[in-house]
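Counting in our numbering, the sequence shown runs from 12 upward without gaps.
All C-beta atoms, glycine included, are put in the ideal place defined by N, C-alpha and C.
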Amino acid sequence: MSDKEAFTEQDWRRLLASLGEDPDRPGLQETPHRVAKAWKHWTSGYAQDPVEVLKAFEDGAEEYNELIVVRNIPVYSHCEHHLAPFFGKATVGYLPNGKIVGLSKLTRLVDIFSKRLQVQERMTIQIANALMEVLEPKAVGVVVKCRHLCMESRGIRAIGEETITSAMLGELQPNLALRTEFLALARD
């Protein structure tokens, strides 16, 4: 992005003024700086490569042939339609095919895709596809459950509603027993 296109602290000051606020009042003087820093963090997933995070290793994994599931992975993202936060938890699992990845890498994978402007449906399949492409497991399952502030704080005001999305790839699609096992493990 060129400097001409970069959103600056001055732009955040203009936003505050357009809302009817005085960006020079004491409580708001540092807000443009803080907001610029916050958005840089909230969108840091664009600068991260999922392939780099998912470096696999084969140390003892070639004999493990059961599901590996990490539950309750925090999700903090922003919807691309209103820039409003959505948040919740993800469950990511896979059935290895000779390669495994460090468990914390699954959390980092969710973090990469959630730190982009998103819709929950696309984020869910992006996580699943990245895991499938890099690890080449027999199966991948992802379940994401989130609350969306664009629904809770405006419009329909559906307080507390959760949206659940899932992606089942590889053997999780045709194998009902494996799918049932994954969903049972994913359930809170």
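The region 137–145 makes contact with the region 116–129: 3 or more CB pairs, one atom from each, lie closer than 8 Å.
As computed with DSSP, Cys157 is found in a beta bridge with Gly99 and Thr174.
Looking at the DSSP output, Pro37 sits in no beta bridge, so it has no partner there.
By a beta-carbon distance limit of 8 Å, Val153 does not contact Lys116. Their separation comes to about 14 Å. Residue pairing of Met134 in beta bridges, as defined by DSSP: absent, with no partner found. Within the same chain, and ignoring the five residues on either side of Thr135 in sequence, the residues whose Cβ sits closer than 6 Å to its Cβ are Val153, Val155, Thr176 and Ala178. Between Val151 and Thr118, the beta carbon gap of about 15 Å keeps them out of contact (Cβ cut-off 8 Å). Classified as exposed, Thr191 has fewer than 16 neighbouring CB atoms from the shown chains inside 10 Å of its CB.
Look at Arg165 here: in three-state DSSP terms it is coil, with no helix or strand label. In this model, Asn76 and Ala47 are separated by some 46 Å (Cα to Cα). Here Gln129 is near Ser88, since their CB atoms are less than 7 Å apart.
In this structure, Ala28 lies away from Pro37, with their beta-carbon atoms at least 7 Å apart.
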